[in-house]
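Those letters in the sequence shown? Residues 410 to 693, by the working numbering.
Note that beta-carbon positions come from the ideal geometry of N, C-alpha and C, so glycine has one too.
In what follows, a structure is listed as structure tokens, so that the remarks can point back to it.
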Amino acid sequence: MSNYLDHLNKRKTHYNNFVHSDHFISTPLKGLHHIELNVTENCNRKCTFCPRSDPILYPNIKQYMSLDTAKCFAEKCIESLYKEEIHLTGFGEPLLNPNILELIRLIRIHGINNYINLTTNGDLLNLKLVKKLYKMGISCITVSCYEETKLDYYNSLFVDQSPTKYFVRQLWKNDNEGFANRNSLKHINLKTKCNIPFYKMFIDYDGKILLCSNDWFRKENLKLNIHNNSLLEIWNNCSINKIRNNLLSKQRIDSACSTCNINGTLIGEESVKILWSQQPGSNR
Numbered sequence: 410m411s412n413y414l415d416h417l418n419k420r421k422t423h424y425n426n427f428v429h430s431d432h433f434i435s436t437p438l439k440g441l442h443h444i445e446l447n448v449t450e451n452c453n454r455k456c457t458f459c460p461r462s463d464p465i466l467y468p469n470i471k472q473y474m475s476l477d478t479a480k481c482f483a484e485k486c487i488e489s490l491y492k493e494e495i496h497l498t499g500f501g502e503p504l505l506n507p508n509i510l511e512l513i514r515l516i517r518i519h520g521i522n523n524y525i526n527l528t529t530n531g532d533l534l535n536l537k538l539v540k541k542l543y544k545m546g547i548s549c550i551t552v553s554c555y556e557e558t559k560l561d562y563y564n565s566l567f568v569d570q571s572p573t574k575y576f577v578r579q580l581w582k583n584d585n586e587g588f589a590n591r592n593s594l595k596h597i598n599l600k601t602k603c604n605i606p607f608y609k610m611f612i613d614y615d616g617k618i619l620l621c622s623n624d625w626f627r628k629e630n631l632k633l634n635i636h637n638n639s640l641l642e643i644w645n646n647c648s649i650n651k652i653r654n655n656l657l658s659k660q661r662i663d664s665a666c667s668t669c670n671i672n673g674t675l676i677g678e679e680s681v682k683i684l685w686s687q688q689p690g691s692n693r
């Protein structure tokens, strides 16, 4: 049985805690709930719902987020007083980054107290590695479990951990309602809203800023990079604001949005309100 609803409720709880905090009002990064880091462009799986299932369409490449980029990101977080969530997920398997433990440690030692979540397919996990990940500073490990036969094993790795420190997503059902098929252009409704760019920032392995975690093919060239721009400059960028305005008008007309079938309204409405209320001439 799928536990997708449990996963969604967990995300909603984290978001609701954020919007009811004093920091939600006081932060200069209005509405920003979490930043996702694409720490590698390499994966050991070829899931059918993923573009990587076709090696011609989306090949594996051995590109990894460097420690220099991770350090720069941490410094920018401190500079902008960013205190919310950091997700190590992206377009590949994070544990394939050969420096993943040092990358996590590096972010933590720069004074980052944020909630850091790592999502993995679990293939490389063992008890020793789980302990190292927590030691380096991971707040929560989310395991995407694609085979029911592995469920007990994954749960056994966390038997000594608080339930708040891990989550095993049961994703072996093909009809799982939690899957958005990123490898299909069917059933796209271009007249729908999306909240994702209002509450989430996505940083690629080389430090470039992508519109969101669904722009696998880098269709939006925002010309922003964590090495050159502050988080505030990125978050308030005029090109991103133009796309936000289109999405609020139910117009998925921009390059990345026009081929996206993601339901982007599951959370984020409060971020829309607080961020967009400060934009002059915005179409709400």
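Is the beta carbon of residue i less than 9 Å from the beta carbon of residue j?
i       : j       : result
Arg-661 : Cys-603 : yes
Leu-580 : Cys-554 : yes
Val-448 : Gly-501 : yes
Tyr-413 : Arg-578 : yes
Tyr-608 : Tyr-473 : no
Cys-486 : Asn-523 : yes
Gly-616 : Asn-645 : no
Lys-600 : Lys-659 : yes
Phe-611 : Glu-494 : no
Val-552 : Thr-573 : no
Leu-533 : Leu-476 : no
Residue i: buried (16+ other C-beta within 10 angstroms of its C-beta) or exposed?
i       : result
Ile-465 : exposed
Gly-440 : buried
Pro-437 : exposed
Ile-521 : buried
Cys-749 : Nothing about residue 749 can be read from this structure; the chain reaches only from 410 to 693.
Lys-651 : exposed
Ser-430 : exposed
Val-681 : buried
Asn-630 : exposed
His-496 : buried
Glu-511 : exposed
His-726 : Not covered by the structure: residue 726. The range shown for the chain is 410 to 693.
Thr-470 : One detail in the question is off: residue 470 reads as Ile in this sequence, not Thr. That one is exposed.
Arg-461 : buried
Arg-627 : exposed
Can residue i be considered in contact with the ligand NAP, in the sense that its beta carbon sits closer than 8 Å to one or more heavy atoms?
i       : result
Cys-554 : This structure lacks the ligand NAP, and indeed carries no ligand of any kind.
Can you find the residues in the same chain that come closer than 8 Å, C-beta to C-beta, to residue i, ignoring five residues on each side of it along the sequence?
i       : result
Asn-655 : Arg-661, Ile-662, Asp-663 and Cys-666
Arg-420 : Leu-675 and Ile-676
Glu-556 : Trp-581
Leu-641 : Pro-437, Leu-438 and Ser-489
Asn-535 : Leu-566
Give the secondary structure of residue i by DSSP, where H, G and I count as helix, E and B as strand, and everything else as coil.
i       : result
Lys-609 : strand
Val-568 : coil
Arg-514 : helix
Glu-450 : coil
Ser-667 : helix
Tyr-491 : coil
Lys-628 : coil
Lys-419 : helix
Phe-588 : With a pLDDT of only 45 at Phe-588, under the threshold of 50, the placement of this residue in the model should not be trusted; the figure read from the coordinates follows. Note: Phe-588 maps to coil in three-state DSSP.
Lys-600 : coil
Ile-550 : strand
Glu-445 : strand
Lys-540 : helix
Thr-528 : strand
Tyr-473 : strand
Lys-682 : helix
Asn-646 : coil
Lys-582 : coil
His-432 : helix
Asn-654 : helix
Tyr-424 : helix
Keeping to the same chain, check which residues put their C-beta closer than 6 Å to that of residue i; ignore five residues upstream and five downstream.
i       : result
Gly-673 : Cys-603, Asn-604 and Ile-605
Phe-567 : Tyr-575
Asn-506 : Val-448, Thr-449 and Tyr-473
Gly-546 : Ile-513 and Arg-517
Ile-434 : none
Ile-643 : Ile-618 and Leu-633
Can you find the residues in the same chain that come closer than 7 Å, C-beta to C-beta, to residue i, ignoring five residues on each side of it along the sequence?
i       : result
His-432 : Lys-492
Ser-639 : Lys-485, Glu-488 and Ser-489
Ile-509 : Val-448 and Pro-503
Glu-679 : Val-428
With three or more beta-carbon pairs closer than 8 Å as the criterion, would you say the region 448-458 touches the region 536-545? no
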